[in-house]
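This report concerns only the one structure given below.
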Amino acid sequence: MVPHASHATIFKDRDGNWWSTFSGNPDDTYAPFSNATGLLPLISDSKHLLKPSTEFILEKGVIGSMHGVKSVKDIFMRDPSICVGHDGAYYLVSTLGPPSQPPAGGLKMWRSTDLVQWDSLGYIWNWDKNATWHTSRKKDDPTGREMLWAPEIAFINGTYWICFSHSLTPRVTSLIKSTTGKPEGLYSDPVGGPISEGIDGFLFQDDDAQIYYLWGGGQMAKMKTDMSGFATPPITILAGGWEKMGYEGCGLIKYKGKYILTASDHTGDHNGTYDLMYAIADKVDGPYSERRFAAGHAGHATLFKGTDGKLYCTVFGSDSHSPIHQQLGIIEIDFDEDFNFIIKDTKIGY
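In the numbering used here, the protein residues as written are 9 to 358.
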């Protein structure tokens with residue numbers, strides 16, 4: 009209900025208003041204060057019986073006070089994914105909600121040279137122009153209007169690849185490839201059907217040029233050379249050899265000689281915070297370390313290397329406690345010598 013509140017008490021005042029006491033734990037580095045007591049007003053809305061007033065910042069640090077990127081702040085975005093393209097520019101795709109629905113909706117793309125100003129390239133894949141098996145697949149609700157979820161963009165072997173998921177059950181993920189080598193396409197389907205059951209596909213290319221496909225909360229398989237399917241049976245990666253990496257939204261990057269696997273999970277179930285977790289390994293298929301906490305409110309983030317050599321992470325704010333909500337946010341990050349997740353105090357786009 010109240011992040012970082014520690015041992016709190018909920019009470020109603022004489023006027024019928026609800027409050028929470030607040031006293032951050034000294035070990036909680038994100039708590040705005042500790043060893044003192046505060047009072048926080050609580051409010052309610054259509055989704056929450058009680059939640060903190062949105063007028064208060066409950067978290068210190070970069071994410072606690074960040075804002076969305078101004079140039080696209082009024083555009084609904086979830087699960088933003090960014091890659092560096094053929095021309096050294098950045099390309100962005102994201103979950104769009106209703107604009108992704110048939111018949112005329114689909115996937116949109118944006119381009120930037122500085123991560124600050126993002127210019128729309130419009131739709132790059134449409135249901136009415138590009139869909140094949142996507143429209144005729146069997147669905148539990150054949151009358152429902154499908155949305156496209158969690159597109160992930162990658163520039164691999166001289167062209168663009170995008171994984172995207174289908175919202176109606178049974179949920180599956182598609183893989184499309186730019187046949188022109190240009191970010192705006194045209195896009196084809198090298199698989200001829202779903203690349204996987206389940207959601208949140210992600211492509212990673214290792215130093216030896218081998219491409220891996222990840223999805224869900226930590227499933228992974230080698231891809232065939234022609235990208236038409238899996239070359240090996242899938243494996244499930246477990247953090248520390250026993251723990252599921254996350255609920256969904258996994259990704260993979262190699263940095264400072266280590267494989268860094270990320271995934272998303274809820275702290276305090278779906279009414280709590282939607283956070284980013286990670287684990288590290290010396291080999292792509294593990295074994296991976298115990299799961300670590302990366303960043304609050306940064307669930308389903310994409311880590312990417314910038315043209316300046318720095319490491320960045322997307323944030324969109326899925327939970328009600330996030331300082332941004334369903335907008336594009338970007339933070340600069342790094343890992344120290346012990347591979348602790350470091351968030352830099354860099355304001356990007358605001």
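Beta carbons: idealized from backbone N, C-alpha and C, even for Gly.
- Shown here for Y358: same chain residues with a beta carbon closer than 6 Å to its own, the five before and five after excluded, namely H75 and K78 in chain order.
- Burial check for L47: the Cβ neighbour count within 10 Å stays below 16, so the residue is exposed.
- Pairing M235 with W26, the inter-Cα distance amounts to about 56 Å.
- Cβ-Cβ separation between G166 and V199: approximately 19 Å, too far for a contact (criterion under 8 Å).
- The segment 330-347 and the segment 63-71 touch, with no fewer than 3 CB-CB distances between them shorter than 8 Å.
- Rounded to whole angstroms, D342 and N134 show a C-alpha spacing of 37 Å.
- Your pair D273 and Y296 does not check out as a contact, with CB atoms roughly 15 Å apart and the cut at 8 Å.
- Classified as buried, L211 has 16 or more neighbouring CB atoms from the shown chains inside 10 Å of its CB.
- The beta-carbon distance between E160 and G209, rounded to whole angstroms, is 6 Å. This is short enough to meet the 8 Å contact definition.
- Following the DSSP letters along the chain, one finds S144 inside the alpha helix (DSSP H) bounded by residues W141 to S144.
- Rounded to whole angstroms, A139 and G96 show a C-alpha spacing of 29 Å.
- If the five residues before and after D293 are omitted, its C-beta is found closer than 8 Å to the C-beta atoms of M228, I243 and I245, all from its own chain and listed in chain order.
- Assignment of alpha helix (DSSP H) within the segment 195-242, counting only whole runs of 4 or more residues, yields no such run.
- According to DSSP, residue pairing for F312 in a beta bridge involves Y320.
- Between F84 and G114, the C-beta spacing is not below 8 Å.
- Residue state for S328 is assigned as coil, using DSSP reduced to three classes.
- In the DSSP assignment, K137 falls within the unbroken alpha helix (DSSP H) covering W135 to N138.
- Our two residues, Q213 and D53, have alpha carbons roughly 44 Å apart in a direct line.
- About 5 Å separates the CB atoms of P111 and D136; that is less than 8 Å, so the two are in contact.
- The beta carbons of G248 and E298 sit about 4 Å from each other, so the pair counts as a contact at 8 Å.
- Here K185 is not near S173, since their CB atoms are 8 Å or more apart.
- The alpha-carbon of I51 is positioned some 48 Å away from that of K190.
- Linking I356 to D148 through their CA atoms gives a straight-line distance of about 42 Å.
- Per DSSP, the unbroken beta strand (DSSP E) holding I18 starts and ends at I18 to K20.
- Comparing alpha-carbon positions, the option among I65, T233, R119 and L58 lying closest to V80 turns out to be R119.
- Between A39 and the set A13, S89, T45 and Q125, the nearest pair of CA atoms involves A13.
- Annotation for L269: the continuous beta strand (DSSP E) segment containing it runs K266 to T275.
- In the DSSP assignment, the residues bridged to G259 are T270.
- Closest by C-alpha distance to Q335, out of T187, H305 and L57, is H305.
- If you check the CB distance, S31 and S42 come in under 8 Å.
- Contact annotation: L284 and G314 have beta-carbon atoms that are not nearer than 8 Å.
- Only residues of its own chain outside the window of five on either side were considered, and among them K116 have a CB closer than 7 Å to the CB of G130, listed in chain order.
- With respect to F349, I90 sits apart: the two C-beta atoms are not nearer than 8 Å.
- Excluding the 5 residues flanking it on each side, I261 has same chain C-beta neighbours closer than 7 Å at I268 and L311, in chain order.
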